[in-house]
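Take a look at the structure below.
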Amino acid sequence: MPIRSRGVLEPAGYWDAKEDPKWRAAMQEELAMIDKNQTWKLVTRPEHKKVIGVKWVFRTKLNADGSINKHKARILLECCYISAQKGWKIYHLDVKLAFLNGFLEEEIYIEQPEGFVVKEHEDKVYLLKKALYGLKQAPRAWYSRIDEYLMKLGFVKSLSESTLYIKGDQTNFLVICLYVDDLLVTGSSVEFIQQFKDDMKQVFEMSDLGEMSYFLGMEVEQKNGDIFICQRKYAKDMLKKFNMENCKSMSTPMCPKEKLCKDDEAEQVDETLYRSLIGCLMYLTTTRPDVMYDVSVVSRFMNCAKESHFKAEKRVLRYVKGTINYGIKFCRSQNFKLQGYSDSDWAGFLDDMKSTSGYCFSSGSGIFSWCSKKQEIVAQSTTEAEFIAATAAINQALWLRKILSDMHLEQRETTEVMVDNQAAIAISKNPVFHGKTKHFSIKLFFLRDVQKDGAVCLKYCKTEDQLSDIFTKALPTSRFELLREKLEISNR
1 MPIRSRGVLE PAGYWDAKED PKWRAAMQEE LAMIDKNQTW KLVTRPEHKK
51 VIGVKWVFRT KLNADGSINK HKARILLECC YISAQKGWKI YHLDVKLAFL
101 NGFLEEEIYI EQPEGFVVKE HEDKVYLLKK ALYGLKQAPR AWYSRIDEYL
151 MKLGFVKSLS ESTLYIKGDQ TNFLVICLYV DDLLVTGSSV EFIQQFKDDM
201 KQVFEMSDLG EMSYFLGMEV EQKNGDIFIC QRKYAKDMLK KFNMENCKSM
251 STPMCPKEKL CKDDEAEQVD ETLYRSLIGC LMYLTTTRPD VMYDVSVVSR
301 FMNCAKESHF KAEKRVLRYV KGTINYGIKF CRSQNFKLQG YSDSDWAGFL
351 DDMKSTSGYC FSSGSGIFSW CSKKQEIVAQ STTEAEFIAA TAAINQALWL
401 RKILSDMHLE QRETTEVMVD NQAAIAISKN PVFHGKTKHF SIKLFFLRDV
451 QKDGAVCLKY CKTEDQLSDI FTKALPTSRF ELLREKLEIS NR
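Anchor point for the sequence shown: position 404 equals 404 in the UniProt record's numbering, and the numbering is continuous, going up by one each time.
Next comes the structure, spelled out in structure tokens:
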């Protein structure tokens, strides 16, 4: 019986698809690609080897507007921010049957696919030469193959991010970001990018999708050197999934006075539904940092979900309903300087009195890195809570500096992380342990050593200028909207 996925009917198996011309064509295209790739060889069934069964899986690829892009059938065995700063375009490549390109070291046999058994060889099986979708060795085999080929083309893999590859120098530069079978490509020269595409097509079956416009549920608009990313379609689908498409919108995702806790006398709710909504909201934070704190809070109750927690979840959806077109805009800035903000509440979580850390980073345009997370230890003062938050932000700053250096965007100036607690800054620079700080975890004091080499430093800012405030607590409407604007979260 066909199943409904993303509003589109898809066959549940071969018998649901065999009479439909479009799915039949998709299956034949899949097998043609497998044969062309020399993925398998028909052999006599081995007596002392396990033969793995196969089944057909059918998927419909959609465009951002919901229209059908492509029908796909597969055999299953049981870089935005930097481009905006440089004014570069991002291009999207898709490797057809990517996992089929990985060579196998093991001897693996599979059954012939249903509906396509070779006549007069019904008892034979396929010996796999290359990986196949669903095979546990497939991801490793594919990654090894593409990694080896990119290295052969002269790319250097980033030591800080294993899926990031760089080639060239500051004048002739190419960046590749690998995500399974998708490649995002950007660089200083259209000719350089085209040469890379030609090189890839000599070895792999590729689909050139042109300028990136839709990727993993994210809509990307590249215009006049600016890049705007949002999840409008994803948000609409999420609202529809949870029957909230006609709900009343809210101005903020969480009430400032609301304090959630586990020991709530409200009735329990369906935890499966609650967790499903949490998962959807978590993915929305990919382009919506304005709901990051609120999603972080409600996700703390997945094993004890009550009606009050579910109500808080639905309020986030109501806020999303009123801001469904919102996303982040990246613009080219004259002064490319990495800067961060770090903040913390104190004992804000009622159940264990732990604080929440928050940070964000930008370099003159929209933020491109952010976090809201409950701290692992109980801070005994506001200073300690701020110190813990600053430590997490400094760690992120060091990693970002390494990534930028790999991409020939080395930060020669000190990266400033803005903190609105002068005591925390003073302790981070004071080399003497004393009674008020002896209970601090020793590992946090690496801040003192890091600041000595001049790579990063903590700098004071007023509370009203602290952008990370939005990641540590629920705010009144006026304050929330002001910070949202400063973070460049808007509807374009």
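Built from N, CA and C at the ideal position, the CB exists for glycine as well.
Since the model is a prediction, treat every value here as computed from it, not as a measurement.
- Nearest in C-alpha terms to V117, of all of T356, I470 and L31, is L31.
- As a beta-bridge residue in DSSP terms, V125 pairs with V43.
- Where M418 is concerned, the enclosing beta strand (DSSP E) starts and stops at T415 to V419.
- Taking the C-beta atoms as reference points, S369 is found no nearer than 8 angstroms to S333.
- In the DSSP assignment, Q339 is bridged to S362 and E416.
- In the three-state reduction of the DSSP assignment, Q375 falls in the coil class, being assigned neither a helical nor a strand state.
- Setting aside the 5 residues that flank it on each side, C280 is surrounded in the same chain by M238, each with a C-beta closer than 6 angstroms to its C-beta; the list follows chain order.
- Beta-bridge annotation (DSSP): I227 is paired with Q222 and F330.
- DSSP places F58 within a strand segment (E or B) once states are collapsed to three.
- Between P289 and the set T477, S372, A17 and Y165, the nearest pair of CA atoms involves S372.
- The alpha-carbon separation between S468 and S428 amounts to approximately 19 angstroms.
- For S207, the enclosing beta strand (DSSP E) covers residues M206 to E211.
- Assignment of H309 by DSSP, reduced to helix, strand and coil, places it in the helix class.
- Taken through DSSP and simplified to helix, strand or coil, I176 comes out as strand.
- Taking 8 angstroms as the cut-off, the Cβ atoms of E386 and A426 do not count as close.
- Looking from the CA of V298, the closest CA among C261, T287 and C331 belongs to C261.
- Within the stretch 100-166, complete alpha helix (DSSP H) segments of at least 4 residues are found at 138-152, given in chain order.
- Between M292 and I82, the CB-CB gap reaches or exceeds 8 angstroms.
- Bridge pairing for C457: E416 [DSSP].
- Contact between L159 and G168 does not hold, since the beta-carbon distance rounds to 18 angstroms and is not under 8 angstroms.
- The Cβ atoms of G358 and A389 lie closer than 8 angstroms to each other.
- Burial check for G53: the Cβ neighbour count within 10 Å stays below 16, so the residue is exposed.
- Within the same chain, Cβ atoms closer than 7 angstroms to the Cβ of F242 are found at L277 and L317, the five residues on either side in sequence being excluded.
- For G187, the enclosing beta strand (DSSP E) begins and ends at D182 to G187.
- Taking C-alpha positions only, A393 is separated from F310 by approximately 31 angstroms.
- For the stretch 249-274, there is no continuous alpha helix (DSSP H) assignment of 4+ residues that stays within its boundaries.
- Excluding sequence positions up to five before and after T285, its CB lies within less than 7 angstroms of the CB of V291, M292 and V295, all in the same chain and listed in chain order.
- Counting only the Cα atoms, K259 lies some 57 angstroms from D198.
- Check the Cα spacing between I324 and each of K240, S363, R140 and F204: the tightest is with K240.
- When DSSP reads this structure, S344 sits in a beta bridge with S357.
- In summary, K223 is exposed, with fewer than 16 beta-carbon neighbours lying within 10 Å of its beta-carbon over all protein chains present.
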